[in-house]
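Participant: Got a structure for you, written out below as structure tokens; questions coming shortly.
Number of protein chains: 2
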Amino acid sequence: MADSLSRAFAALADPTRRDIVARLTLGDATVSELAAPYAVSLQAVSKHLRVLEDAGVVTRSRDAQRRPVHLEAEVFDLMTTWLERYRRQAQERYERLDTLLADLPNGSDFHEGAPDERP
Amino acid sequence: MADSLSRAFAALADPTRRDIVARLTLGDATVSELAAPYAVSLQAVSKHLRVLEDAGVVTRSRDAQRRPVHLEAEVFDLMTTWLERYRRQAQERYERLDTLLADLPNGSDFHEGAPDERP
DNA sequence: TCCTTTGTCAACCAACAGGTTGAAAAAGAA
DNA sequence: TTCTTTTTCAACCTGTTGGTTGACAAAGGA
């Protein structure tokens, strides 16, 4: 349904899921292993993993009855790219404004000739 | 209620809100100005802005009846830091595994006295 | 074969998210 | 004062989320 950026951000908007991601940087793990630290049911963790999988944050393979979960950090790049882009643009705009203000004559407030509103 | 990272990720999990953020890199804007491009009601956009504000993504000042919205990109750093940290850890682990595999004797069938050939 | 381990599926529930409409507040303009 | 603009609040509706429990499937081990 939602685009991949939305799914990715939404997937990491849950503290349990972020915790699972943190755990997975130490190595692949099974559903039971991942569920162990939490008070919730195994099924709840299984659902969390599905959300992470749909977001492309993890992939899963098979080892007998087990379904080892593997972290796929590429999606992080997508998010980081988005974040950095707009943080950078905001920063640049701020710096331009800074220069503009520095170039202004000394008088603190001269509000003559205010720009007209757009219709 | 939720922690600030959760609020931040959740705030950006909606395409309309990401669009609003993109728009705000061009400069501050009022609620009506921000609402104009969308098919939804002004109230709906007002709600989106509240979510962004609660997440610390924007701040709002006052100018007569208007409430100019200003982008605060510092939260992005919080998210980027989180993302980069775990992406980096995952990457490092991958590289260690790579080295480990490279150090192994060649191939799966080495019970036939094959001397080590190449990394 | 039967039993155990591991995980998912299905149905259900309370809470929340994103949208609507209508009313009202806040500030200026006439 | 009254009228207009801009924005929020309140109530409501619908779909989604995160959780539950119970049943079941899949794969090995006894």
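Going down the list, the sequences are from chains A and B.
First residue of the first sequence? That's 1 in our numbering, and the numbers climb one at a time after it.
First residue of the second sequence? That's 1001 in our numbering, and the numbers climb one at a time after it.
For every residue, glycine included, the Cβ atom is placed at its ideal position computed from N, Cα and C.
Only a predicted model underlies this, so the values are computations on that prediction, with no experimental measurement involved.
(1) Cα-Cα, which of A/74, A/35, A/66, A/96 is closest to residue 19 of chain A?
(2) Consider the Cβ of residue 1084 of chain B: report whether some Cβ of chain A lies at a distance smaller than 8 Å.
(3) Touch check for the stretch 81 to 92 of chain A and the stretch 37 to 57 of chain A: three-plus C-beta pairs under 8 Å?
(4) Kindly list the residues whose CB is nearer than 8 Å to the CB of residue 70 of chain A, restricted to its own chain and excluding five residues on each side of it in sequence; keep chain order.
(5) Anything in chain A within Cβ reach of residue 1093 of chain B, meaning under 8 Å, just list it in chain order.
(6) Runs of 3 residues minimum, wholly inside the stretch 37 to 62 of chain A: which ones carry the beta strand (DSSP E) assignment?
(7) Starting from the beta carbon of residue 1080 of chain B, find every residue of chain A whose beta carbon is closer than 9 Å, and list them in chain order.
(8) When the Cα atoms are used, what is the spatial distance from residue 1007 of chain B to residue 15 of chain A?
(9) Residues in the same chain with beta-carbon distance under 8 Å from residue 1054 of chain B, minus the five sequence neighbours each way, listed in chain order, please.
(10) Anyone know if the C-beta pair for residue 80 of chain A and residue 1081 of chain B falls short of 8 Å?
(11) With a CB to CB cut of under 7 Å and the five nearest residues on each side skipped, what residues in its chain are close to residue 75 of chain A?
(12) Can you check which of these residues, A/100, A/98, A/83, A/95, is closest to residue 5 of chain A by C-alpha distance?
(13) What are the boundary residues of the alpha helix (DSSP H) that includes residue 1012 of chain B?
(14) So, helix, strand or coil for residue 4 of chain A, using DSSP?
(15) Helix, strand or coil: which one does DSSP assign to residue 71 of chain A?
(16) Using the Cα positions of residue 99 of chain A and residue 42 of chain A, report the straight-line distance between them to the nearest angstrom.
(17) What is the rounded straight-line gap between the Cα of residue 152 of chain A and the Cα of residue 1030 of chain B?
(18) Taking all protein chains shown into account, decide if residue 21 of chain A is buried (16 or more other Cβ within 10 angstroms of its Cβ) or exposed.
(19) At a Cβ threshold of 8 Å, is residue 46 of chain A touching chain B?
(20) Among all the DSSP beta bridges, which residues are the ones paired with residue 1066 of chain B?
(21) Sort out for me which residues DSSP pairs residue 1035 of chain B with in a bridge.
(22) So, using beta-carbon positions, are residue 13 of chain A and residue 1013 of chain B closer together than 8 Å?
(23) Looking at chain A, is there any beta carbon in it that lies within less than 8 Å of the beta carbon of residue 1071 of chain B?
Facilitator: The answer reads as follows:
(1) A/35
(2) yes
(3) no
(4) 24, 28, 58, 59, 60, 61
(5) 25, 26, 27
(6) 58 to 60
(7) 79, 80, 83, 84, 87
(8) 10 Å
(9) 1007, 1011
(10) no
(11) 8, 55, 56, 57
(12) A/83
(13) No alpha helix (DSSP H) holds residue 1012 of chain B; DSSP gives it neither H nor E.
(14) helix
(15) strand
(16) 56 Å
(17) Absent from the model: residue 152 of chain A. The displayed extent of chain A is 1 to 119, so no value can be given.
(18) buried
(19) no
(20) B/1063
(21) According to DSSP, residue 1035 of chain B bridges with nothing at all.
(22) yes
(23) yes
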